[in-house]
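What follows is a short report on a single structure.
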Amino acid sequence: MLRDRSFTLTALLLIVFALSTWLDVNGVWVELPLIVNEAPEGWSLPSYLTLAIALSNIGPLIIVLLKLRFKKHLDERIFIYIEILVGIISCALIAQHWNTTSYFAGRPHSVFFLVLVFLLGTLDTTSTVTYADYMKRYHAKLLNALYLGESLTSLIPSILASIQGVGGETICRENSTYPEYSSPRFSVQVYFWIFAGIILLSLIAFLLLEFSSIPKAQRTFNVMEFSVETSLTPDSRTTSSHMSKKHYYILLTFGFLSSIIIYGILPSIGTYAVLPYSQRAYYIFSLILPISNPLSVLLGIFLRSILSIFTLTILLVCATCISIYVIVVAALSPCPPLHDSAGGAVLIISCYFLAYLLFYYIKLVLGNRIRQEFPRESGLFWFGAASQLGSLVGAVPMYLLINVYNIFKSRAVCQAYC
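Quick note: the sequence shown uses the working numbering, first residue 152, plus one each step.
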């Protein structure tokens, strides 16, 4: 009974701890319908954000170099403290200065906002590496708790934005091309202060994990565990297996390829793919899409969190094909097929949601297989590094295609195109 209680409390602490991974950056994406109204970049701002977050992979790169230099002597907990503290400070600064503009290269830009997003991106991309590495200190069956908490970093901003009423209604006056937006229930400033408070709770959870007796029974001193767990219950059956280096590298490649699309390409083109179907469609899209992450974790918990390489390949191909359709629709903006129709909106939002769901599920399965079968404690560390490299490889070309070569054309509200 005491062990079950310890497991449950430790899982809850890990879930709250994981909220500091991507909460702030995901919150920026969900709040875009309000932010772009005052940003000089307009709806091209997402491509700037994607590039800023991609360039922030300098953080994981530094961690990787330090890992190669110091190997097992590198303590990831030092970086976790820094990530959480700077995350709280950055959210507070964004709350106060999100709409500050400056001139850069002769044009007004949201320089301060982009710098803060870059800083948040550095912390969040680094957390992908350090938080995964931290889990070597706990039994493998608790890894899904970390993934569940990380998935909530997508859902919480969506719930908060739905309460806020973020840019859901657009008013187009007759003979006017300038849209008017309904007022939100609370401001962008309050929105980001709430995030600062949530990340503070994450810091408290981390302190309890480190210094309380709650997780003591769940810690492992022998990180080479090969028990295969498929749920958050401590009584799951286990099997033993070892993963070869060949299979490990295949899984790293899958993680790399998935990240190119889900973190590099798809976030850059969301406005181009969805806005042609109405501002309302984009609003619904921004609220529904974050649900895909926690749903993927539930699939892993209640279905299977361990799959064969063949099955993973099939899922990866399906997700990639769906993503190609989304990319084609974005490239045909402002007049893609079924534009300005409810059917077209349902189709593009469904494709986006399904692609994200499959990619998130693939990521969860990859992480579980590596944690439970690969006979080295650095397995999850390099998995996180490969994922962040993929996001960089995907984001840089998309920035060039959008802002340099103008391949994608945006569609402004209250203007006729087709």
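We put the beta carbon where it would ideally sit given N, CA and C, even for glycine.
Residue interval of the alpha helix (DSSP H) (run including residue 504): Sequence index remark: in the sequence shown, residue 504 carries index 353 (1-based). Residues 493-524.
Given residue 566 as reference, the closest of 486, 203, 369, 545 once Cα atoms are compared: What you label residue 566 is simply residue 415 of the sequence shown in a count that begins at 1. Here the closest residue by C-alpha is 486.
Sequence-distant residues of the same chain with beta carbon closer than 7 Å to residue 277, five excluded per side: Mapped onto the sequence shown, residue 277 falls at position 126. Same-chain partners within the cutoff: 210, 211, 214, 230, 234.
Proximity of residue 353 and residue 168 at Cβ, strictly below 8 Å: For this step, residue 353 is matched to residue 202 along the sequence shown. For this step, residue 168 is matched to residue 17 along the sequence shown. Contact flag set, yes.
Beta bridge counterpart(s) of residue 260 as assigned by DSSP: Residue numbering aside, residue 260 sits at position 109 when the sequence shown is read from its first letter. Residue 260 pairs with 253.
Burial state of residue 444, where buried means 16 or more other Cβ atoms lie within 10 Å: By one-based count along the sequence shown, residue 444 stands at place 293. The residue in question, residue 444, is buried, as its Cβ has 16 or more Cβ neighbours within 10 Å.
Span separating the alpha-carbon of residue 386 from that of residue 300: Position 235 of the sequence shown, counted from the start, is the residue given in the question as residue 386. Position 149 of the sequence shown, counted from the start, is the residue given in the question as residue 300. A caution first: residue 386 carries a pLDDT of 41, below 50, which makes its placement in the model too unreliable to give a value.
Endpoints, the alpha helix (DSSP H) within which residue 302 is located: For the purposes of this step, residue 302 is taken as the residue at position 151 of the sequence shown. Residue 302: member of the alpha helix (DSSP H) spanning 294-315, first to last residue.
6 Å Cβ shell around residue 281 - same chain, five flanking residues per side excluded: By 1-based counting over the sequence shown, the position of residue 281 is 130. Taken in chain order, the residues that qualify are 227, 230, 231.
Start-to-end residues for the alpha helix (DSSP H) that takes in residue 462: The residue given as residue 462 occupies position 311 in the sequence shown. It spans 460-482 - the alpha helix (DSSP H) in which residue 462 sits, taken as one unbroken run.
Straight-line Cα distance separating residue 484 from residue 549: On the sequence shown, position 398 is the one that residue 549 refers to. On the sequence shown, position 333 is the one that residue 484 refers to. Cα to Cα, residue 549 sits roughly 15 Å from residue 484.
For residue 472 and residue 465, the rounded distance between their alpha carbons: Residue mapping note: residue 465 aligns to position 314 of the sequence shown, counting from 1. Residue mapping note: residue 472 aligns to position 321 of the sequence shown, counting from 1. When rounded, the distance between both Cα atoms is 11 Å.
First and last residue of the uninterrupted alpha helix (DSSP H) at residue 180: For this step, residue 180 is matched to residue 29 along the sequence shown. Where residue 180 is concerned, the enclosing alpha helix (DSSP H) stretches over 174-181.
Range covered by the alpha helix (DSSP H) that runs through residue 242: Position 91 of the sequence shown, counted from the start, is the residue given in the question as residue 242. Counting along the chain, the alpha helix (DSSP H) containing residue 242 begins and ends at 227-248.
Cut-off 8 Å between Cβ atoms - residues of its own chain near residue 224, not counting five sequence neighbours on either side: Here the question's residue 224 lines up with position 73 in the sequence shown. Once the five neighbours on either side are set aside, residue 224 has no close Cβ partner at all.
Under the three-state DSSP convention, the category residue 289 falls into: On the sequence shown, position 138 is the one that residue 289 refers to. Here DSSP, grouped into helix, strand and coil, assigns residue 289 to strand.
C-beta contact flag for residue 405 and residue 270 at 8 Å: The residue you call residue 405 lines up with position 254 of the sequence shown. The residue you call residue 270 lines up with position 119 of the sequence shown. In this structure, residue 270 does not lie closer than 8 Å to residue 405 by Cβ.
Residue 405 Cβ short of 7 Å to the ligand NAP heavy atom set: In terms of ligand content, the structure shown is empty, and the ligand NAP therefore cannot be addressed.
Contact belief for residue 542 with residue 423 at Cβ below 8 Å, rounded distance in angstroms: Here residue 542 refers to the residue found at position 391 of the sequence shown. Here residue 423 refers to the residue found at position 272 of the sequence shown. No, residue 542 and residue 423 are not in contact; Cβ-Cβ is about 19 Å, not under 8 Å.
Endpoints, alpha helix (DSSP H) assigned at residue 394: Here residue 394 refers to the residue found at position 243 when the sequence shown is read from its first residue. From DSSP, residue 394 is part of no alpha helix (DSSP H); its letter is neither H nor E.
Residue 451, enclosing alpha helix (DSSP H) - first and last residue: Sequence index remark: in the sequence shown, residue 451 carries index 300 (1-based). Start and end: 443-453.
Candidates 409, 165, 488, of which the one nearest residue 359 by Cα: Here residue 359 refers to the residue found at position 208 when the sequence shown is read from its first residue. It is 165.
Buried/exposed call for residue 188, threshold 16 Cβ in 10 Å: In the sequence shown, residue 188 corresponds to position 37, counting from 1. It is exposed - the Cβ of residue 188 has fewer than 16 other Cβ atoms within 10 Å.
Proximity winner among 568, 558, 569, relative to residue 195 (alpha-carbon distances): The residue given as residue 195 occupies position 44 in the sequence shown. Distance from the Cα of residue 195 is smallest, within the candidate group 568, 558, 569, for 558.
Cβ contact check for the segment 520-531 and the segment 177-193: 3 or more pairs under 8 Å: In short, these stretches do not touch, since the Cβ pair count stays below three.
Cα-Cα separation, residue 157 to residue 519: Here residue 157 is taken as the residue at index 6 of the sequence shown, counted from 1. Here residue 519 is taken as the residue at index 368 of the sequence shown, counted from 1. A straight-line Cα-Cα distance of about 22 Å links residue 157 and residue 519.
Residues bridged to residue 370 (per DSSP): In the sequence shown, residue 370 corresponds to position 219, counting from 1. Looking at the DSSP assignment, residue 370 forms a beta bridge with 289.
Residue 220 - containing alpha helix (DSSP H), residue span: Here residue 220 refers to the residue found at position 69 of the sequence shown. If you look at residue 220, you'll find it in the alpha helix (DSSP H) that goes 209-221.
Buried or exposed (CB count within 10 angstroms, at least 16 for buried), residue 242: Within the sequence shown, the letter at position 91 stands for residue 242. Buried, since its Cβ has 16 or more Cβ neighbours within 10 Å.
Residue 561 to residue 439 span [Cα, whole Å]: Locating residue 561 in the sequence shown gives position 410, where the first residue counts as 1. Locating residue 439 in the sequence shown gives position 288, where the first residue counts as 1. Counting only the Cα atoms, residue 439 lies some 22 Å from residue 561.
Selected residue, minimal CA-CA separation from residue 260, among 314, 200, 175: Here residue 260 is taken as the residue at index 109 of the sequence shown, counted from 1. For the residues 314, 200, 175, the minimum Cα distance to residue 260 belongs to 200.
Residues near residue 247 by beta carbon distance below 8 Å, same chain, minus five either side: The residue you call residue 247 lines up with position 96 of the sequence shown. Taking residue 247 as the centre and dropping the five residues before and after it, the same chain places the C-beta of 340 closer than 8 Å to its C-beta, in chain order.
Residue 485: first and last residue of the uninterrupted alpha helix (DSSP H) it sits in: Along the sequence shown, one-based indexing puts residue 485 at 334. From DSSP, residue 485 is part of no alpha helix (DSSP H); its letter is neither H nor E.
Alpha helix (DSSP H) segment containing residue 348, residue limits: Here residue 348 refers to the residue found at position 197 of the sequence shown. Where residue 348 is concerned, the enclosing alpha helix (DSSP H) stretches over 339-362.
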